[in-house]
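Participant: Protein chains in written order, with full-length UniProt numbering: chain A, 1 to 410; chain B, 1 to 410.
Where is the CB? At the ideal position from N, CA and C, for every residue including glycine.
No experiment lies behind these values; they were computed from the predicted model shown.
Here it is, the structure, as structure tokens.
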């Protein structure tokens, strides 16, 4: 029971890709390099670092992942033992790290359990004299205190965030499918906009004035058909609310104004898509058209600079220069180009690398390219694609046409 | 373009309720009682405590909420100033707490910004001599260290978790609508099961063998039509995978086996629904039927005991006694009734109160009632409703029939 889509949306395979496996070697190497006893992370299934490290979609309660130079353990409630084995242990990659699930001490806090498991694992691996444990800086404070109570000194590490910036082929497969479904959601919204009828200040669709909420439901239903869910952030603004970076409210859509749709759903293994298009129905030109032309050029210019080895911040600077050349401000937090041109995407919607960083882009980085200009009195225009950095340029993870005037289904 | 539903699903109003307002008085009172300088919480828009305290659907980056006995502040990036005002300041309840948004020091970590804002607010309110700051125990460790660097001693507080257990009428309105939509998702799955045709080991639907993933997409699409999104945890298992508490994988559905659907989507203001039903198509009786009868009785018995003032754990004990009487084990983590009979639901899917606690139920608690029995070799049966505790009993937040054999659309 498909609904009509605007032309140009990709076909999407029915099945989800397999869950990626996580190479824990970079974490184990960080432990070895620091001469630490091990690494401990604590969080629940909503914590993206834990999701990445364990691939465990388990309970809402906190659990711990412990890594030493050659072993790794996940603490889980006994109820989730089988699931934890399936997701964390079975099919682990050939990274030389022996994985296990530990269900003892179930009533204790995850920090206590993590410390106890580390005491145990380090007998076989890790520096026997070290009392240092590496953790992400944002480990819950109570877990940090439990580790300190167990005799460990904490040192923060960026090893997990660094590893997450370089996607594997299995991760790219997840990102490609979710982004393709994102394109289909956009194509559904474009079809609705293209077939809506101007009537005074309204656009009529299904006999009712079209709202951003109706568009949002159309987008989210199309994605759900393919097993991809809105992450609660299907941003759709019209006119003044299109100038709001993250508008998820209810606004009427009027002829002529910019309609900005920024769609970033999440796939079953936690990977996000991220796609923005901006349309105007029955536009008379003016600011909306000028802004669209400028942003489309900036988008192309930014993409032209994406390549392994290029300093990330260059991509932002080039987009900014193009927008300046078109007469838009880049120096204000309120008007013009007010944000960075892009960010990494993975199991978090925002992760490294930032396209304002002074570090070089690496193959396997997945970043948004999303220049935009805003005027709170008038509207906003943003165009965004999701690309993987390659040795010689980039791969667009899914393609969808860039159009100012929405095109109806064929 | 609605799809046929099994009979008995509630009608759902088109519009979402308004966002609830948070009474910060219990947090401010905790500050005053402890003679503390203030309260600080740090997290991003995915942190449920922050969502509750601020109602701010802002950036993925960490931000801080600071509360003193009569003032409260939200630190936000300048880009989100307008949204933060709209969501945190405008329409604040009459709790006597003056709210403001602070955008200074944008580049600094949220813990640094929280400490600076607290320094400022405490000049006007709070104990001028105290260096104690109250925080949730799970505040990110780096934020805790920044607060300590700023001269504060940390003391953990359960004030936020405690406040969240007592829902306001506006919160109940959110929960009712999301639960009603959850029922419609279930009714769509029941309709699919009722119209699928047994063919050997398969159930054919749309000419293809029915899978848990197909059922999941049908449920999620129906909910998306009403603006409610799957939170990535539409649990559907069949046969052995029905014995898996949180099965979200792909399994074939066969005639006779139990099909367990546990649906817990999230509404636009962050509130969850939670509903479980278990069906069997063309059942020949046996374990599946006996388990269903026992669980249905336990569900009714548990509900009969829900009332303000009753010790929460009583509800669990009564359900367990009923299941014991039907010959099911309650003492194993692997077979029979392996989990608690219920938990609180709000902006987290699992929050207080637990129905194993020795504290009395209070009016405004919203809890699941979800007895179940499992046999990893055969299947699982669980029946779950979401109820609000009242002075004299409970209100089911939305109703949906309990049926073993799925019923087709009228």
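On the three-state DSSP scale, how would you describe residue 351 of chain B?
Facilitator: Of the three classes helix, strand and coil, the one that applies to residue 351 of chain B here is strand, per DSSP.
Participant: Quick check: residue 315 of chain A and residue 361 of chain A, are their CB atoms within less than 9 Å of each other?
Facilitator: Contact: yes.
Participant: Closest by CA to residue 84 of chain A, which one among A:304, A:112 and A:45?
Facilitator: Nearest of A:304, A:112 and A:45 to residue 84 of chain A, Cα basis: A:45.
Participant: Does the pairing of the region 140-155 of chain B with the region 175-193 of chain B give three or more beta-carbon distances under 8 Å?
Facilitator: Result no; under three Cβ-Cβ pairs closer than 8 Å.
Participant: Measuring only between beta-carbons, confirm whether residue 194 of chain A sits less than 9 Å from chain B.
Facilitator: No, because no Cβ of chain B sits closer than 9 Å to the Cβ of residue 194 of chain A.
Participant: What do you reckon, are the CB atoms on residue 141 of chain A and residue 140 of chain B nearer than 9 Å?
Facilitator: Contact: yes.
Participant: Thinking C-alpha only, which one of B:365, B:384 and B:363 is nearest residue 371 of chain B?
Facilitator: Looking at the Cα atoms, B:384 is the closest of the given residues.
Participant: Can you give the Cα-Cα distance for residue 307 of chain B and residue 392 of chain B, rounded to whole angstroms?
Facilitator: Cα-Cα distance, rounded: 6 Å.
Participant: Going by the C-beta, is residue 244 of chain A closer than 8 Å to any heavy atom of the ligand ADP?
Facilitator: Among the components of this structure there are no ligands whatsoever, and the ligand ADP is therefore not found.
Participant: Alpha carbon to alpha carbon, how far is residue 30 of chain A from residue 261 of chain B?
Facilitator: Cα to Cα, residue 30 of chain A sits roughly 42 Å from residue 261 of chain B.
Participant: Using a cut-off of 7 Å between C-beta atoms, extract the partners of residue 229 of chain A located in chain B.
Facilitator: Residues of chain B passing the Cβ test: 220, 229, 230 and 232.
Participant: Of the choices A:79, A:18 and A:63, whose alpha-carbon is the least far from that of residue 339 of chain B?
Facilitator: Comparing Cα-Cα distances from residue 339 of chain B to each of A:79, A:18 and A:63, the minimum goes to A:79.
Participant: Threshold first: 3 residues or longer. Then list the beta strand (DSSP E) segments lying entirely within the region 23-69 of chain A, N to C.
Facilitator: Qualifying beta strand (DSSP E) stretches, in chain order: 38-43 and 63-67.
Participant: So if I threshold CB-CB distances at 7 Å, which residues from the region 110-137 of chain A count as touching chain E?
Facilitator: Of the protein chains in the structure, A and B, none is chain E.
Participant: Going by DSSP in three states, residue 404 of chain A sits in which element: helix, strand or coil?
Facilitator: Note: residue 404 of chain A maps to coil in three-state DSSP.
Participant: I need the straight-line Cα distance from residue 222 of chain A to residue 185 of chain A, nearest angstrom please.
Facilitator: Computed Cα separation, rounded: 5 Å.
Participant: Would you give the residue range spanned by the alpha helix (DSSP H) that residue 248 of chain A belongs to?
Facilitator: From DSSP, residue 248 of chain A is part of no alpha helix (DSSP H); its letter is neither H nor E.
Participant: Are residue 95 of chain B and residue 25 of chain B close, meaning C-beta to C-beta below 9 Å?
Facilitator: Contact flag set, yes.
Participant: Is there a C-beta anywhere in chain A that falls below 9 Å from the one on residue 268 of chain B?
Facilitator: So, interface residue.
Participant: If we cut at 9 Å on Cβ distances, does residue 59 of chain A have a partner in chain B?
Facilitator: Yes, residue 59 of chain A lies at the interface with chain B (some Cβ there is under 9 Å from its Cβ).
Participant: To the nearest angstrom, how far is the alpha carbon of residue 1 of chain B from that of residue 7 of chain A?
Facilitator: Note that residue 1 of chain B scores a pLDDT of 45, beneath 50, so its modelled location is shaky and nothing firm can be said.
Participant: For residue 20 of chain A, go through chain B and note every residue whose CB falls closer than 7 Å to its CB, in chain order.
Facilitator: Those within 7 Å of residue 20 of chain A in chain B number zero; the least Cβ separation is about 15 Å.
Participant: Tell me whether the beta-carbon of residue 241 of chain B lies closer than 9 Å to the beta-carbon of residue 249 of chain B.
Facilitator: Taking 9 Å as the Cβ cut-off, residue 241 of chain B and residue 249 of chain B qualify as a contacting pair.
Participant: Between which two residues does the alpha helix (DSSP H) holding residue 8 of chain A run?
Facilitator: Counting along the chain, residue 8 of chain A falls outside any alpha helix (DSSP H), and DSSP gives it neither H nor E.
Participant: To the nearest angstrom, report how far apart residue 48 of chain A and residue 106 of chain B are at their CA atoms.
Facilitator: Their Cα atoms are separated by approximately 24 Å.
Participant: Which residue comes first and which comes last in the beta strand (DSSP E) that contains residue 220 of chain A?
Facilitator: Segment 212-225 is the alpha helix (DSSP H) holding residue 220 of chain A; no beta strand (DSSP E) there.
Participant: From A:379, A:331 and A:64, pick the residue whose C-alpha is nearest to that of residue 280 of chain A; which is it?
Facilitator: Out of A:379, A:331 and A:64, A:379 has the C-alpha closest to the C-alpha of residue 280 of chain A.
Participant: What distance in whole Å lies between the Cβ atoms of residue 356 of chain B and residue 313 of chain B, which are believed to be in contact at a cut-off of 8 Å?
Facilitator: So it is a contact: roughly 5 Å between Cβ atoms.
Participant: Tell me residue 369 of chain A's beta-bridge partners as DSSP assigns them.
Facilitator: Looking at the DSSP assignment, residue 369 of chain A forms a beta bridge with A:385.
Participant: Would you tell me roughly how many angstroms separate the C-alpha atoms of residue 394 of chain A and residue 69 of chain A, rounded to the nearest one?
Facilitator: About 34 Å.
Participant: Beta carbons nearer than 8 Å to chain A: which residues of the region 335-350 of chain B have them?
Facilitator: Flagged, chain order: 338, 339, 348, 349 and 350.
Participant: Determine whether the beta carbon atoms of residue 76 of chain B and residue 59 of chain B lie at a separation below 9 Å.
Facilitator: Yes, Cβ-Cβ distance for residue 76 of chain B and residue 59 of chain B is below 9 Å.
Participant: Is it the case that the Cβ atoms of residue 255 of chain A and residue 282 of chain A are separated by a distance below 9 Å?
Facilitator: Yes.
Participant: Quick one: which unbroken beta strand (DSSP E) runs of 3-plus residues sit fully inside the region 149-187 of chain A? Chain order, please.
Facilitator: Fully enclosed beta strand (DSSP E) runs of 3 or longer: 153-156.
Participant: Can you round the beta-carbon distance between residue 422 of chain A and residue 253 of chain A to whole angstroms, since I take them to be within the 8 Å contact cut?
Facilitator: Summary: the structure shown does not reach residue 422 of chain A, with chain A confined to residues 1 through 410, and so no result is reported for it.
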